[in-house]
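Take the sequence shown: its position 38, counting from 1, is numbered 38 in UniProt numbering, and each next residue is one higher.
All C-beta atoms in this analysis are idealised placements derived from N, C-alpha and C, irrespective of residue type, glycine included.
Just below is one structure, and these are the notes that go with it.
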Amino acid sequence: SSGFNWISYEKHYNYILIKQSMTWENAQNYCRTHHIDLATVQSNENWTRLQEAADEKLFSGFAWIGLYNDINGWRWSYNEESLMFKSWAPGQPENYGYGQECVGILPKGAWHDFYCTDIQYFVCYDVQFRA
1 SSGFNWISYE KHYNYILIKQ SMTWENAQNY CRTHHIDLAT VQSNENWTRL
51 QEAADEKLFS GFAWIGLYND INGWRWSYNE ESLMFKSWAP GQPENYGYGQ
101 ECVGILPKGA WHDFYCTDIQ YFVCYDVQFR A
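Here's what the structure looks like:
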């Protein structure tokens, strides 16, 4: 035998609501400095955990997550991962006036596109690996 033991590690996403108001880009810089990046949501389990962390009582308006739109479509801030899971609010993304290229979560939980220069709370994330 080769002597290798393969252990599968599960990635657990921990989401942290940061109660400081920033533009999307400044929030991205903050998350990349103190955590991994702005929140990435690639599964229903991720989404449930994010909603628990960003409880609607903790913020008003909306809170930034790591989703943004560039010439190639919607992608996540971290590694420019493409969108595998979606939770848009009805009628979203609307890209109103072709300027709403960054995504926040509403207190009731759905995603909404906003102007990246809006100043809001935001959600960062870390990853733990568990065998």
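Counting along the chain, the unbroken beta strand (DSSP E) around E10 starts and ends at 10 to 22. Under the DSSP assignment, W64 falls in the beta strand (DSSP E) whose first and last residues are 63 to 70. In this structure, the straight-line span from the alpha carbon of G91 to that of D70 is close to 20 Å. Bridge pairing for H112: G104 [DSSP]. Within the same chain, and ignoring the five residues on either side of R49 in sequence, the residues whose Cβ sits closer than 7 Å to its Cβ are Y13, Y15. Going by DSSP, W74 is part of the beta strand (DSSP E) stretching over 73 to 76. Beta-bridge annotation (DSSP): W47 is not paired with any residue. Annotation: Y68 to E101 spans about 5 Å, alpha carbon to alpha carbon. L38 carries a strand assignment under DSSP once its states are collapsed to helix, strand and coil.
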